[in-house]
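Asker: First, the structure itself, so that you have it in front of you.
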Amino acid sequence: MSENKDNAVDKSVCDTPPKIAKIEEAPNATKEGIHALGLPVEYSGWDVYNNEAKKVDTELVKDWTASLNFLLVFAAIFAAVLTAFIIDSKKLLQEDPTSVMAEVMIFYTNSLANGTHHPYTQPNFEAPFSAVVVNCLFFASLSASLIAALASVIALQWVADYDSAITRGGSSPEDRAKRRQFRYGGVVQWKMNEIIAALPLLLYASVILFFAGLIVWMYVVHPTVGFVVAGGTAVAIIFYTTTTLLAAVYVSAPFKTPLSRGIYALSRLPFVLACTIARLLRVAEVPPWLERQRALYTVSHKREDRAVETRGELARDALVWLASQLSVSQDSYRRLLLLVGELPNLDPKHLPYFNSTESAWYSIFDLLGRANLKNPREGTVSGEDAHAMTVLMRCHSIPGIQQLVAPNHRTLYLRDKRHVAYWKQYCDIPQTSIQHTDSSFPNSLYLALRDLPNTENPSVKEAESTVALSRWRNTDPNSPHVWKSFFHAAHEFSSSFFNASVEMFSEFVIRRAYNIRYSQGSAERRGWDAVDELLVKIIRDIVKVAVNRLDVDANATVVLLHAYEAIISLAIDLDRIWPLIRSPQAYIWNLGLRPAEDHVIHESFILLLSRQIRSYPLTQRPQRVWEVVLMLWLRPSNQASKGRLENPDEPLHPSNVIDWLNNADSIPHIIGIIRNLAAAQTEEPEVGSLWRATGPGEGSDPQFVDILQLFNRLMGPECTPEDHLTMVNALCQDLELEQPPEFEGYFTPRKLRSIAWVHDKCLQVLARHAQGFAVQNLDNLDEEYSRQWGGSVERLKQHIQRVKLRARPPVTVRRMKISLCGTDVASSFLKAPSDTRVSLLS
0 MSENKDNAVD KSVCDTPPKI AKIEEAPNAT KEGIHALGLP VEYSGWDVYN
50 NEAKKVDTEL VKDWTASLNF LLVFAAIFAA VLTAFIIDSK KLLQEDPTSV
100 MAEVMIFYTN SLANGTHHPY TQPNFEAPFS AVVVNCLFFA SLSASLIAAL
150 ASVIALQWVA DYDSAITRGG SSPEDRAKRR QFRYGGVVQW KMNEIIAALP
200 LLLYASVILF FAGLIVWMYV VHPTVGFVVA GGTAVAIIFY TTTTLLAAVY
250 VSAPFKTPLS RGIYALSRLP FVLACTIARL LRVAEVPPWL ERQRALYTVS
300 HKREDRAVET RGELARDALV WLASQLSVSQ DSYRRLLLLV GELPNLDPKH
350 LPYFNSTESA WYSIFDLLGR ANLKNPREGT VSGEDAHAMT VLMRCHSIPG
400 IQQLVAPNHR TLYLRDKRHV AYWKQYCDIP QTSIQHTDSS FPNSLYLALR
450 DLPNTENPSV KEAESTVALS RWRNTDPNSP HVWKSFFHAA HEFSSSFFNA
500 SVEMFSEFVI RRAYNIRYSQ GSAERRGWDA VDELLVKIIR DIVKVAVNRL
550 DVDANATVVL LHAYEAIISL AIDLDRIWPL IRSPQAYIWN LGLRPAEDHV
600 IHESFILLLS RQIRSYPLTQ RPQRVWEVVL MLWLRPSNQA SKGRLENPDE
650 PLHPSNVIDW LNNADSIPHI IGIIRNLAAA QTEEPEVGSL WRATGPGEGS
700 DPQFVDILQL FNRLMGPECT PEDHLTMVNA LCQDLELEQP PEFEGYFTPR
750 KLRSIAWVHD KCLQVLARHA QGFAVQNLDN LDEEYSRQWG GSVERLKQHI
800 QRVKLRARPP VTVRRMKISL CGTDVASSFL KAPSDTRVSL LS
């Protein structure tokens with residue numbers, strides 16, 4: 000049984016005809032080979048040759064056959080007409096019997112009347128010269144016509160033989176290519192194309208000879224008739240000459256004939272001769288313009304190709320023509336989508352004019368948008384949907400199309416996003432009820448893409464996400480279902496799309512919180528529901544992606560932070576984007592009630608905000624630095640911030656002592672945050688100290704010992720040279736400010752005991768320098784330390800050279816000595832090992 004089954008399978012396989020491989024399965028395949036003239040897939044260079052040769056030969060044979068068949072038909076008709084004229088003109092060469100008989104009768108009548116009887120002698124007949132000329136011209140015309148017909152028949156046999164030979168081909172692609180090249184080489188060598196192109200000249204000559212004979216004949220018969228025929232002939236000659244010369248001069252003129260091509264080639268012949276003579280004379284350098292003229296001669300048949308390549312408006316005109324020809328109906332959806340898909344590929348200088356809602360473009364975009372609005376509310380996004388959205392997004396990124404489909408003064412559309420009805424208008428409307436002939440109804444493309452992130456070249460993921468957002472926006476924009484998995488592929492989003500998506504999500508969150516606050520009549524958070532937890536989880540995912548990206552926009556970060564605060568504390572201000580935290584006291588209180596993973600969101604916001612300080616103008620950076628410092632202070636792990644806010648409803652300003660260093664080493668990416676703050680401090684001196692923020696009426700605390708302790712903890716085994724340099728540089732910059740910290744009476748015994756535990760030598764030197772002890776050089780640092788932290792040591796040397804040593808007055812030194820229990824160890828305190836320093840201070 001199994002054997003029969005196997006045999007059946009084998010037989011089915013054998014009987015199945017081989018399938019042509021897809022493009023993805025054939026690496027050497029090209030799209031031209033697939034789509035052009037039904038050609039097979041290309042696997043080798045010989046396949047490419049055969050496919051290209053087939054296209055060329057097909058057009059060549061078609062052109063030859065059509066031209067020769069036309070010559071045969073015209074020659075036959077013209078010969079028949081000419082024969083009728085020859086029958087009459089030939090009589091002019093013979094003596095007319097009627098005239099002879101009349102002449103004889105007249106002779107005998109006269110003889111009888113005169114009484115004479117002389118015999119009649121017939122004079123010798125001699126045809127008139129005009130008759131000879133007319134018949135010569137007519138018979139020459141007939142001969143030329145018959146020769147043209149005969150040559151056409153012979154040429155058709157040549158063409159048939161060439162076509163059959165290249166169609167028959169060989170046993171392999173290479174053999175077919177060789178045979179075809181042999182045949183084509185003969186065509187080129189023996190000028191077959193030129194011979195066939197010259198055959199119409201015989202008919203031209205035949206027609207000219209005929210008109211010449213007709214003019215002479217009619218002029219002899221009656222001059223007036225001759226002039227009329229000559230006038231008609233002159234008009235025909237002028238018409239033919241004009242059209243031929245126009246085709247020779249202007250490449251766009253549609254009057255091309257073999258004669259016009261020959262005239263064009265002759266016009267370039269002097270340049271070719273000049274270039275050839277220059278080469279024979281071995282001229283060092285032939286002028287470029289002469290080479291260009293020579294090239295125009297050698298490739299004159301490609302004039303049209305070059306003209307098409309250089310005229311960008313041709314593509315626009317072609318698309319405009321196609322738009323006017325296609326029927327704007329659902330049956331033409333696919334063709335219309337292909338049409339508008341070419342618009343973004345045009346040069347911006349050659350785009351069509353999208354300036355009227357009465358144009359075909361407005362109706363086309365309305366139909367395409369309406370087709371995408373018909374998609375179901377739920378379900379997966381198909382590849383066809385994503386492709387259509389990609390095309391529409393690319394088109395909508397063109398300013399002219401944006402302006403065309405946007406609501407105008409006649410459209411009934413509410414534009415204020417803060418209005419409660421903004422997000423509900425034109426949502427979930429049955430398609431049968433849409434009256435698109437009504438000018439007050441918005442364009443469907445605008446409805447399909449309204450409020451959505453837009454990008455010029457969306458990826459597949461971005462297009463799929465936009466389709467989902469469009470369905471959500473036009474059905475139920477108050478539901479959070481679309482955001483559940485929207486940012487799962489956020490790492491694949493482009494910068495513009497990611498930032499725009501974050502802003503749109505943040506607007507949704509803020510709008511939802513605003514509705515909750517408005518419905519309950521207060522800003523007090525009254526419990527959490529499943530949607531709140533879902534939105535916080537989404538924000539957590541967004542922040543996690545944003546931390547790993549370096550292209551997050553500052554505005555997107557700020558709006559997302561506002562959305563997070565709106566969930567945490569229902570603090571909302573739709574009219575202002577600043578300050579960062581609307582209600583600090585409510586924010587820190589509610590955030591403290593959340594699990595630790597929500598605290599990570601807050602700390603990640605600090606890193607993002609510090610990165611984006613440099614994106615603001617210099618004049619705004621001090622305020623941005625202050626806000627980052629305040630965010631550091633507001634973190635739940637900082638016990639110093641709890642209960643210290645005097646008026647949480649006031650905008651963020653230095654109203655409190657911002658001692659954010661407490662437990663700061665637990666903040667993720669704290670060194671990166673300090674690096675960003677120090678960079679802002681370097682570029683804008685108005686930033687001031689990063690850890691000496693004090694409120695009104697408070698004493699000036701430089702926080703120097705606190706920052707030393709923090710950095711000492713951070714300079715652990717995992718500290719890199721870059722991180723080490725960041726911390727040393729931050730301290731040096733703080734000491735180099737125009738208003739450096741004042742250490743008068745600062746170093747109390749408790750602070751000196753704290754400094755004693757600092758193990759890093761760069762920090763020890765900075766502590767010694769801050770206390771007023773002279774540091775001449777750093778040569779006493781061991782070689783291994785200098786090699787490991789070379790950047791920090793060099794920065795420390797620069798600091799010592801830049802800053803003038805502040806000499807402590809004697810009273811300060813005495814106070815220090817007294818604080819050290821009267822022992823004179825001030826000069827050697829920091830030179831001692833850490834254990835010795837601790838014992839001295841205790």
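In numbering that gives the first Met the number 0, the protein residues as written are 0 to 841.
Just so you know, even glycine gets a beta-carbon here, dropped at the ideal spot from N, CA and C.
Could you give the C-beta distance for Arg182 and Tyr161, rounded to a whole number, given that I count them as a contact under 8 Å?
Answerer: Correct: roughly 6 Å between the Cβ atoms.
Asker: Do three or more CB pairs link the stretch 138–156 to the stretch 44–55 at distances below 8 Å?
Answerer: At 8 Å Cβ cutoff, the stretches do not touch.
Asker: For the stretch 563–572 against the stretch 617–634, do three or more pairs of beta-carbon atoms, one drawn from each stretch, fall closer than 8 Å, so that the two count as touching?
Answerer: As far as the Cβ criterion goes, the stretch 563–572 does not touch the stretch 617–634, which means the pair count is below three.
Asker: Figure out for me which residue from Leu335, Leu200, Leu607 and Glu308 has the closest Cα to the Cα of Asp320.
Answerer: Looking at the sequence itself, residue 320 is Trp, so the reference to Asp does not match. Measuring from the Cα of Trp320, the nearest candidate turns out to be Leu335.
Asker: Considering only their Cβ atoms, is the gap separating Ala159 from Ile195 smaller than 7 Å?
Answerer: Contact flag unset, no.
Asker: Taking the continuous alpha helix (DSSP H) assigned at Pro720, which residues delimit it?
Answerer: Note, Pro720: alpha helix (DSSP H), Pro720 to Leu734.
Asker: Take Ser869 as the anchor and find which of Ala176, Leu81 and Gln156 has the nearest alpha-carbon.
Answerer: In the structure as shown, the chain starts at 0 and stops at 841, and residue 869 therefore has no counterpart that could be examined.
Asker: Mind checking whether Leu91 and Ala130 have CB atoms under 7 Å apart?
Answerer: Yes, Cβ-Cβ distance for Leu91 and Ala130 is below 7 Å.
Asker: Mind checking whether Leu444 and Phe364 have CB atoms under 7 Å apart?
Answerer: A contact, by the Cβ cut-off of 7 Å.
Asker: Please report the straight-line C-alpha distance between His798 and Leu736, rounded to a whole angstrom.
Answerer: One C-alpha to the other measures close to 11 Å.
Asker: How many angstroms separate the CA atom of Thr108 from the CA atom of Thr240?
Answerer: Straight-line Cα distance between these residues: approximately 59 Å.
Asker: May I have a chain-ordered list of the alpha helix (DSSP H) segments no shorter than 4 residues that lie completely inside the stretch 381–452?
Answerer: Within the stretch 381–452, the complete alpha helix (DSSP H) runs of at least 4 residues are 382–395, 398–404 and 443–448.
Asker: Where does Gln702 sit, in a helix, a strand or coil, going by DSSP?
Answerer: Residue state, collapsed to three classes: coil.
Asker: My output table needs one value for Pro809: the three-state DSSP class, helix, strand or coil.
Answerer: With a pLDDT of only 37 at Pro809, under 50, the local geometry of the prediction cannot be trusted, and the value read off the model is given with reservation. Reduced to three states, the DSSP call for Pro809 is helix.
Asker: Between Ala766 and Tyr745, what straight-line distance do the alpha-carbon atoms span, to the nearest angstrom?
Answerer: Taking the straight line joining both Cα atoms gives about 12 Å.
Asker: Determine the extent of the alpha helix (DSSP H) in which Pro621 is found, giving its start and end residues.
Answerer: Looking at the DSSP string, the run of the alpha helix (DSSP H) that includes Pro621 is Arg620 to Leu633.
Asker: Quick one, are the C-beta atoms of Ile165 and Leu201 less than 7 Å apart?
Answerer: Cβ distance not < 7 Å, so Ile165 and Leu201 don't count as in contact.
Asker: Tell me the DSSP secondary structure of Arg182 in three-state form.
Answerer: If DSSP states are grouped into helix, strand and coil, Arg182 belongs with the helices.
Asker: If you follow the alpha helix (DSSP H) that Asp304 is part of, which residue opens it and which one closes it?
Answerer: From DSSP, the alpha helix (DSSP H) with Asp304 extends over Arg302 to Thr309.
Asker: Note the first and the last residue of the continuous alpha helix (DSSP H) segment covering Ile666.
Answerer: It is not in any alpha helix (DSSP H) - Ile666 carries neither H nor E in the DSSP assignment.
Asker: Quick check on the burial criterion: 16 or more other C-beta atoms within 10 angstroms. Buried or exposed for Glu649?
Answerer: Reliability fails at Glu649, whose pLDDT of 47 lies under 50, so the model's placement of it is uncertain and no value is given.
Asker: Are the stretch 223–231 and the stretch 245–265 in contact at 8 Å, needing three or more beta carbon pairs?
Answerer: Output reads no: the stretch 245–265 does not touch the stretch 223–231.
Asker: Within a Cβ cutoff of 8 Å, which residues of the same chain sit near Asp664, ignoring the five residues on either side of it in sequence?
Answerer: The answer, listed in chain order, is Leu709, Arg712 and Leu713.
Asker: Where Arg315 and Thr389 are concerned, what is the direct C-alpha to C-alpha distance, given to the nearest angstrom?
Answerer: When rounded, the distance between both Cα atoms is 21 Å.
Asker: Would you grab the beta carbon distance between Val727 and Ser791 for me? Rounded to a whole angstrom, and I think it's under 8 Å.
Answerer: Between Ser791 and Val727 the Cβ distance is about 4 Å, and since that is below 8 Å, they are a contact.
Asker: Tell me whether Leu592 sits in a helix, a strand or coil according to DSSP, three-state version.
Answerer: Of the three classes helix, strand and coil, the one that applies to Leu592 here is coil, per DSSP.
Asker: For Pro118, which residues from the same chain have a beta carbon less than 8 Å from its beta carbon, with the 5 sequence-adjacent residues on both sides left out?
Answerer: Closer than 8 Å at Cβ, skipping near neighbours: no residue.
Asker: By alpha-carbon positions, which one of Arg786, Leu372 and Gly771 ends up nearest to Thr842?
Answerer: Only positions 0 to 841 of the chain appear in the structure, and residue 842 is not among them; the question remains open.
Asker: Could you name the residues of the same chain whose beta carbon sits closer than 6 Å to that of Leu366, not counting the 5 residues immediately before and after it, in chain order?
Answerer: Excluding positions up to five away in sequence, the list reads Val327.
Asker: Below 8 Å on the Cβ atoms is my guess for Leu689 versus Asp759; work out the distance and round it to an integer in Å.
Answerer: Contact doesn't hold; Cβ gap of about 19 Å is too wide.
Asker: Among residues of its own chain, excluding the 5 on either side of Ala555, which ones have a beta-carbon nearer than 7 Å to its beta-carbon?
Answerer: Closer than 7 Å at Cβ, skipping near neighbours: Asn498, Val501 and Glu502.
Asker: Between Ser518, Leu606 and Ala565, which lies nearest to Arg548 when the distance is taken from Cα to Cα?
Answerer: Ranking the options by Cα distance to Arg548, first place goes to Leu606.
Asker: Buried or exposed for Ala79, please, with buried defined as at least 16 other CB atoms from any protein chain shown within 10 angstroms of its CB.
Answerer: With fewer than 16 other Cβ atoms within 10 Å, it is exposed.
Asker: Determine the extent of the alpha helix (DSSP H) in which Met714 is found, giving its start and end residues.
Answerer: Here Met714 belongs to no alpha helix (DSSP H), and DSSP marks it neither H nor E.
Asker: Nearest CA to the CA of Lys483: which residue from Ile537, Ala512 and Ser438?
Answerer: Residue Ile537 is the option with its Cα nearest to Lys483.
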